[in-house]
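Below is one structure, written out as structure tokens, with a few remarks after it.
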Amino acid sequence: MTDQLLNDRDVRFQLYEMLDTQSLLQRPRYAEHDLGVFDATLETARTLAQQYYAPHNQKGDANEPTFDGAKVHLIPETKVAWDAFAEAGFLAAHHDYDDGGLQLPEVVLRACMAYFNAANIATVGYSFLSIAAANLIKSFASAELRERFLPPMLAGRFSGTMAMTEPGQGSALGDLRTSAKPAADGTYRISGSKMFISGGDHELTDNIVHMVLARLEGAPAGVKGISLFLVPKFLVNADGSLGARNDVALAGLLHKMGYRNTTSTVLSFGEKDGAVGYLVGEANHGLAYMFQMMNEARVGVGLGAASLGYQSFVHALDYARQRPQGRLPGNKDPHSPQVRIIEHADVRRMLLQQKVYAEGSLSLCLYASSLVEDSHTAADAIQRREAAELLDLLTPVVKSWPSRYGLLASEIGVQVLGGSGYTREYMLEQLYRDNRLNPIHEGTEGIQAIDLLGRKLGPRGGDGYGLFLSKVHKAVAEATQDCNCVLLATALRSALRIVERLTADMQQLVAAKPDIGLSNATVFLDVFSKLVLGWNWLCQAQVASRALRAGASGSEADFYRGKLQAARYFMDWELAGLEGQARLLSTTNRICFDMRDSWF
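For what it's worth, full-length UniProt numbering labels the leading residue of the sequence shown as 1, then goes sequentially.
Listed below in structure tokens is the structure:
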């Protein structure tokens, strides 16, 4: 089995040729960096991922966390990996120097995270959530809370979680029942139960900081009455030392088909006198604050799915290049040597499909990360606002498309290996199981679809849609001037027309009849996402074409030709069903909506 995590050449292509990440060095925040710093950071991430994460990926899967009634037990390699990640500075990498960070661009950090995801998605889950929780505290908590909790979180002594979901209440956050009562000392007492809390209990760190959604007594019903609280596992004294155990108890561990080395927990708050919680920001604004962490997690889940799909592609490609089997159909000589299975056309078809899904997903996620960066550090307010608007529109796509098609890349990988792919001796079966969680994580496809069609493209939506359309139109116009890309541009122009008409139809339907209009929103999400990915692949093809025209040769030319061929595949095959899907949506097909419970 290969120890390769991602295609390093593709990572460089995405960062430096697609996204022009080196131009960030012109921004004041990164003036002290250079490309050598970015490259060294990526190399450190890849090395740590290979040395401390990949070796115990299968062991962590086979030896799930256990709870003895007092403590959670993980395989010891998990703690070693956490410490290596923290000591290398990755928990604080994107924070300012003054806060102990490396002042690293967001897009470079996320490229680093892709290596860790590919090596061991379950173990890196603890870090992923801790980074997001620290970002939430930095954005909205009081100065006192930031001073008390951020330094140990950035140093790796404390970890963090997101505590939203409750038993019986998943995405319907407006119905949550966890309560918060004010105490005389200005804190609050939190009571309730949360479940599916990843990283909710473990012994990796001295403390765990839970970011908890709860409802104050007398708060408005629904989402307008939700507040956000910081609830530590152990109380923290003013001098930073640990105090008493807070009234937060592990009620049990959940057992998943994948991500097994990440504890999935049921937590009880306030079984005794109530868990001490600290209000973050203003009362009844908690969901608005939590959306920062949710959206960061959604992009992160997309990146995780992309990384697992990519790892599946890497393993399948390596296997196909080594595994001899059979002869080509035109060869009737039984004495001739067998060929490697990559020489069979159907295997190349599967590998090309994997390549399109894996590389397209990674490219999309890194583009989203570049929008996060631009929304904070772009040169002027207009650029920052436009980046934020475009990111807001595309977040449902970034979360859902890699989760769906990255999973399909993992499934195809199992098929490429045949019987071997179904065995635990190879990574593919675990990669598939790990990846199957991502279409559910941080909002199902249906939730993302309703967000896209009902909000992002609805009357409350921003300017993101117009910005997106202008970028696609510009890319199509430019590509028609390139002999290598003109047919790709023609195909994408047709898809663009279909989606523009469909979006207008669906906006009218949702405004008039929201229940019917949103009943097939997931199909609309798929259609819209294919346009987004088609645009992405056209952009990749344009970069590749310019490089070939500039004289790329040898392995570099092969790399760029592979990009062009992948773009051709996407335009010819992945966009092929777009018109039929759009027709069903535009004609308000009610078959699914009219189905009744009793008819099943």
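Where is the CB? At the ideal position from N, CA and C, for every residue including glycine.
Buried or exposed (CB count within 10 angstroms, at least 16 for buried), residue i
i    : result
H210 : buried
P459 : exposed
S370 : buried
G218 : exposed
C365 : buried
I382 : exposed
D98  : exposed
H335 : exposed
T395 : buried
G168 : exposed
A62  : exposed
L564 : buried
A70  : exposed
K355 : buried
N117 : buried
R349 : exposed
R404 : buried
H33  : buried
For residue i, the first and last residue of its enclosing beta strand (DSSP E)
i    : result
P232 : I226 to P232
N207 : N207 to L216
T265 : S264 to F269
A251 : V248 to L254
L279 : A275 to V280
A244 : L242 to R245
Where the alpha helix (DSSP H) through residue i begins and ends
i           : result
S312        : G286 to Q322
V339        : Careful: V339 lies outside any alpha helix (DSSP H) and carries neither H nor E.
Y465        : G464 to A479
W535        : A521 to R549
H376        : A345 to T377
F593        : I591 to D594
residue 610 : Outside the displayed span of the chain (1 to 600) sits residue 610, for which this structure offers no information.
Y432        : L428 to N435
D515        : P514 to G517
G413        : L407 to L417
E425        : Looking at the DSSP string, E425 is not in any alpha helix (DSSP H), and its letter there is neither H nor E.
L453        : Here L453 belongs to no alpha helix (DSSP H), and DSSP marks it neither H nor E.
D392        : A381 to W401
G580        : L578 to S586
R12         : D8 to R12
Rounded Cβ spacing between residue i and residue j (contact assumed at less than 8 Å)
i    : j    : result
W401 : L204 : Not confirmed; about 32 Å, so no contact.
L538 : L488 : 5 Å
F291 : L390 : The Cβ separation is near 17 Å, so there is no contact.
L531 : G406 : With a Cβ gap of about 18 Å, L531 and G406 do not count as contacting.
D201 : T123 : Actually they do not touch by this definition, with Cβ atoms about 16 Å apart.
Q338 : Q325 : 6 Å
G160 : L129 : 6 Å
N484 : G304 : Contact flag wrong, Cβ pair sits at about 33 Å.
Y367 : L19  : 7 Å
V416 : A316 : 4 Å
A111 : L15  : 6 Å
V266 : A251 : 4 Å
K399 : V299 : 7 Å
W573 : V472 : About 20 Å separates the two Cβ atoms, so there is no contact after all.
Q. Counting only runs that start and end within the stretch 110–187, where is the beta strand (DSSP E) found for 3 or more residues in a row?
A. 158–163 and 179–182
Q) Pairing CB atoms from the stretch 215–229 with CB atoms from the stretch 271–280, are three or more of them under 8 Å? A) yes
Q) Given 8 Å as the limit, is there contact between the stretch 131–144 and the stretch 177–191, that is, 3 or more CB pairs closer than that? A) no
Q. Which whole runs of the alpha helix (DSSP H) in the stretch 29–105 are 4 residues long or more, in chain order?
A. 35–48, 57–62 and 76–87
Q.
Under 8 Å, with one C-beta from each stretch per pair, do the stretch 249–267 and the stretch 359–367 reach the 3-pair mark?
A. Not touching, per the Cβ criterion.
Q.
Taking 8 Å as the cut-off, does the stretch 184–198 touch the stretch 157–171 (at least 3 CB pairs, one atom from each stretch)?
A. yes
Q: Please determine if the stretch 573–584 and the stretch 491–503 are in contact, where contact requires at least 3 C-beta pairs separated by less than 8 Å.
A: yes
Q: Check whether the stretch 1–21 touches the stretch 40–54, taking contact to mean three or more Cβ pairs, one atom from each stretch, closer than 8 Å.
A: yes
Q. When the Cβ atoms of the stretch 43–50 are set against those of the stretch 83–95, are three or more pairs found closer than 8 Å?
A. Yes: the two stretches touch, three or more of their Cβ pairs being nearer than 8 Å.
Q. Do three or more CB pairs link the stretch 413–431 to the stretch 63–70 at distances below 8 Å?
A. no
Q: Kindly confirm or deny that the stretch 540–555 and the stretch 420–437 touch, where touching means at least three C-beta pairs closer than 8 Å.
A: No, the stretch 540–555 is not in contact with the stretch 420–437.
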